[in-house]
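11 is the number of the first residue of the sequence shown in this note's numbering; add one for each residue after it.
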Amino acid sequence: MLPAVVLLSGCGLDITSEESTTAAQAAPATPEPTVQIAGAAVKGIIQQGLVVANRLIADKDGYYAPQRQAAKPVLTADDGSYTWQLRGKAEGWALVELSADGGTRMVCDVLPQCDQAGAEPVPFGQVMPLDSNFSLLGAGDLRNETVNLTPLTHLAVKLAERSSEGLSPTAISSAYTTVENWFALPAGALRLTPPDLTNLDGMTGVTADAIQVAIANASFLALVNDNAQWDSISAVLDDVTSQVSATGQISVMGDGTNVALADLVSAAALQSSELQNVVNSSVISQKLVVVEYRNVQRFKTIADVNEESNADVADSGDTTDGTTGGDETAGTDSGSTTDTSTDTSTDTSTDTSTGSTDEQVAGTTEPDTSGDSTSGGDTTTDTTTDTTTDETVADTGTDTETSEPVTETTPEETAPANTALLSWTAPLTRENGDSLAMGEIAGFEVVYGTSAENLDQSLAIGDASVDELLVDELTEGTWYFAIRTLDTDGNRSRLSEVVYKQI
11 MLPAVVLLSG
21 CGLDITSEES
31 TTAAQAAPAT
41 PEPTVQIAGA
51 AVKGIIQQGL
61 VVANRLIADK
71 DGYYAPQRQA
81 AKPVLTADDG
91 SYTWQLRGKA
101 EGWALVELSA
111 DGGTRMVCDV
121 LPQCDQAGAE
131 PVPFGQVMPL
141 DSNFSLLGAG
151 DLRNETVNLT
161 PLTHLAVKLA
171 ERSSEGLSPT
181 AISSAYTTVE
191 NWFALPAGAL
201 RLTPPDLTNL
211 DGMTGVTADA
221 IQVAIANASF
231 LALVNDNAQW
241 DSISAVLDDV
251 TSQVSATGQI
261 SVMGDGTNVA
271 LADLVSAAAL
281 QSSELQNVVN
291 SSVISQKLVV
301 VEYRNVQRFK
311 TIADVNEESN
321 ADVADSGDTT
331 DGTTGGDETA
341 GTDSGSTTDT
351 STDTSTDTST
361 DTSTGSTDEQ
371 VAGTTEPDTS
381 GDSTSGGDTT
391 TDTTTDTTTD
401 ETVADTGTDT
411 ETSEPVTETT
421 PEETAPANTA
431 LLSWTAPLTR
441 ENGDSLAMGE
451 IAGFEVVYGT
461 SAENLDQSLA
471 IGDASVDELL
481 VDELTEGTWY
491 FAIRTLDTDG
501 NRSRLSEVVY
511 KQI
């Protein structure tokens with residue numbers, strides 16, 4: 011029996027469907043590669059926001075701008091997440107943009123409520139409309155495939171646009187670091203996905219760093235409450251964006267007209283405190299204490315610097331020296347380095363000196379939740395665990411005699427057993443022997459981990475007067491610690507000698 015076939019005739023050719031299929035299969039089309047970009051739009055959670063993404067391409071002069079293509083926006087989900095398929099390989103950088111329309115909503119993440127111009131306040135955790143002028147920007151490396159959209163990433167992109175290279179990878183990275191410095195966020199914090207502040211009890215694994223980022227973003231909306239000057243989140247964000255776009259800076263203490271950095275940090279500290287009253291998880295509550303402390307310390311630093319130097323603006327994040335920059339690409343390194351030194355109550359001491367790197371870290375500080383230690387001075391505890399190491403660090407010519415950090419545990423009833431208390435002494439000189447004033451020190455960075463060769467966790471301290479830090483939530487095992495100094499020019503020293511503690 012012969013199979014039935016359909017004959018197609020045209021231009022004198024008779025081709026069966028079987029032959030046509032075979033011919034088509036002989037030359038399959040090569041699919042165009044694509045890369046998936048994912049992330050979240052958070053200032054509370056933004057629902058049904060319109061998201062588009064475009065590659066950043068350099069022209070012949072090396073100026074980077076988005077290569078815009080006609081494409082239908084994707085909508086953010088109820089949790090603020092989005093996914094975008096971008097044509098081409100997973101290489102280069104992309105700009106992601108969010109806009110709002112009549113269907114876009116935002117979850118109120120400000121306590122006790124979110125005020126609205128001409129409408130009733132929206133309770134914490136409930137959705138509210140966004141005006142059509144609202145927009146957010148974010149940018150990132152396509153190899154990472156994650157770009158979040160928040161008010162802070164928006165400011166960073168606007169700052170990067172001032173660069174003579176446009177939105178180049180270097181300008182974007184530098185701008186992200188600068189904005190982290192402004193708000194005393196840990197390095198890389200703007201790459202973290204902010205949690206939903208209205209559902210923290212369901213996220214016990216969330217880090218204090220991520221919570222701090224979310225609260226910093228919430229502070230923009232918090233300024234609308236009880237403030238006739240600002241009638242919407244768009245108004246606040248537009249004011250700060252205008253400052254950054256025009257000068258590369260944010261007003262530190264304000265002039266009664268513009269939004270000030272101090273206003274945002276103060277609002278973040280208040281929200282951190284208010285959230286402690288509504289969460290049920292003791293773990294989350296402790297992390298909120300940490301975040302509140304960081305914001306309070308940042309506010310004090312801003313106020314102290316403003317009083318001492320009459321600084322008017324925050325530029326590349328170096329608010330601790332009172333200078334005003336305005337460079338097109340913020341976060342540049344002046345090449346000066348700091349010398350880290352640490353103090354200990356152990357019997358063994360070494361001379362520790364440090365060199366330089368070109369990296370920058372934002373400054374934050376952790377509270378001592380034990381109640382037995384205070385920042386900026388010596389502490390005494392009933393139980394001390396001295397940690398020593400056989401390693402020494404070569405002297406590089408500084409005249410500051412130092413010794414390794416000490417980790418201490420307070421009594422069982424006042425501090426958990428899974429903590430380590432570190433203490434140190436601020437350096438007095440730089441590597442080249444020049445004196446180092448306290449006003450030139452922006453803070454410190456403590457790095458730690460379960461391997462001396464891989465100190466993969468860090469805590470930053472944005473107050474030069476702090477000389478101890480309680481590191482908590484340590485799991486069972488041996489933990490290793492080291493510290494470096496950060497100066498007001500954004501330079502940081504080499505790490506100190508590594509010490510350890512058995513948990």
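We put the CB at the ideal spot given by N, CA and C, even for glycine. Computed from a predicted structure; not experimentally measured.
Beta-carbon proximity list for residue i, same chain, < 8 angstroms, skipping 5 on both sides
i, result
"Tyr490", "Tyr458, Gly459, Thr460, Ser461, Ala462, Leu465, Val508, Val509 and Tyr510"
"Gly72", "Glu175 and Ser178"
"Asp400", "Annotation note: pLDDT 32 at Asp400 (below 50); position unreliable, coordinate value reported separately. Nothing listed; no residue qualifies."
"Ser445", "Leu438 and Thr439"
8 angstroms contact criterion, which residue i and residue j should meet: CB distance rounded
i, j, result
"Asn158", "Val52", "7 angstroms"
"Ala492", "Pro196", "Contact doesn't hold; Cβ gap of about 16 angstroms is too wide."
"Ile56", "Gly90", "5 angstroms"
"Gly472", "Ala194", "5 angstroms"
"Leu152", "Glu101", "6 angstroms"
"Leu233", "Asp273", "6 angstroms"
Contacts around residue i, its chain only, beta-carbon distance under 6 angstroms, and the 5 residues preceding and following it disregarded
i, result
"Leu140", "Ala110, Thr114 and Met116"
"Ala75", "Gly176"
"Thr163", "Gly148 and Leu200"
"Thr429", "Leu480 and Asp482"
"Asn64", "Pro76, Gln77, Arg78 and Leu105"
"Gly251", "Inspection of the sequence shows that residue 251 is occupied by Thr rather than by Gly. Closer than 6 angstroms at Cβ, skipping near neighbours: Lys168."
"Glu107", "Val62 and Leu147"
"Val84", "Val61, Tyr92 and Trp94"
"Leu505", "Ala492 and Arg494"
"Leu298", "Ser282, Leu285 and Gln286"
"Met213", "Pro205"
Cβ-heavy atom distance, residue i to the ligand MN, below 7 angstroms
i, result
"Ser173", "Among the components modelled here there is no ligand, and therefore nothing to report on the ligand MN."
C-beta neighbour in chain B for residue i, strict 8 angstroms
i, result
"Asn268", "Among the protein chains of the structure shown there is no chain B, as only one such chain exists."
Euclidean distance between Cα positions of residue i and residue j
i, j, result
"Ala270", "Thr257", "14 angstroms"
"Ala436", "Ser468", "18 angstroms"
"Asp477", "Gly453", "10 angstroms"
"Gln286", "Gln77", "45 angstroms"
"Ser174", "Lys99", "27 angstroms"
"Gly573", "Val456", "As displayed, the chain neither begins before 11 nor continues past 513, which places residue 573 out of reach and without an answer."
"Ser503", "Leu60", "44 angstroms"
"Trp434", "Ala48", "42 angstroms"
"Pro133", "Val223", "22 angstroms"
"Asn290", "Asp211", "6 angstroms"
"Ile225", "Val288", "15 angstroms"
"Ser255", "Ser178", "16 angstroms"
"Leu121", "Asn235", "10 angstroms"
"Thr498", "Val189", "15 angstroms"
"Val300", "Arg494", "21 angstroms"
"Lys82", "Leu96", "12 angstroms"
"Gly443", "Leu432", "26 angstroms"
"Ala277", "Asn209", "20 angstroms"
"Ile294", "Leu231", "22 angstroms"
"Met138", "Glu284", "20 angstroms"
"Met263", "Ile182", "26 angstroms"
"Val275", "Ser229", "7 angstroms"
"Pro161", "Gly54", "10 angstroms"
"Pro43", "Ala87", "25 angstroms"
"Gln259", "Ala80", "34 angstroms"
"Gln58", "Gln126", "20 angstroms"
"Trp192", "Ile221", "17 angstroms"
"Leu438", "Ala474", "12 angstroms"
Beta-carbon contacts of residue i that lie in its chain and below 7 angstroms, excluding the five residues immediately before and after
i, result
"Ala279", "Glu302, Asn305, Val306 and Phe309"
"Gln123", "Pro131, Val132, Pro133 and Phe134"
Residue i versus the options, residue with shortest Cα-Cα distance
i, options, result
"Gly215", "Ser292, Ala129, Ser173 and Ser91", "Ser292"
"Ala447", "Ile55, Tyr92, Leu496 and Ser174", "Leu496"
"Ile513", "Arg440, Val481 and Ile182", "Val481"
"Pro205", "Gly198, Asp219 and Ala170", "Asp219"
"Ala313", "Phe230, Ser261, Gly112 and Lys297", "Ser261"
"Gly135", "Ser475, Asp473, Glu171 and Cys118", "Cys118"
"Asn227", "Asn237, Leu202 and Met213", "Leu202"
"Gln296", "Asp249, Thr217 and Ala238", "Thr217"
"Leu484", "Ala50, Ala129, Lys70 and Ala427", "Ala427"
"Gly150", "Asn191, Ser475 and Trp103", "Trp103"
"Arg440", "Glu450, Leu431 and Met213", "Glu450"
"Leu247", "Asn268, Ala238 and Arg172", "Asn268"
"Gly128", "Ala238, Glu42, Asn191 and Leu432", "Ala238"
"Ala68", "Thr160, Gln58, Pro43 and Thr180", "Thr180"
"Glu155", "Gly54, Ala185, Gln58 and Ala50", "Ala50"
"Ser282", "Leu207, Asp249, Gln259 and Met213", "Leu207"
"Leu66", "Gln126, Gln58, Asp125 and Ala170", "Ala170"
Q | Three CB pairs or more closer than 8 angstroms across the stretch 136-148 and the stretch 243-252 | A | They touch, by the three-pair rule.
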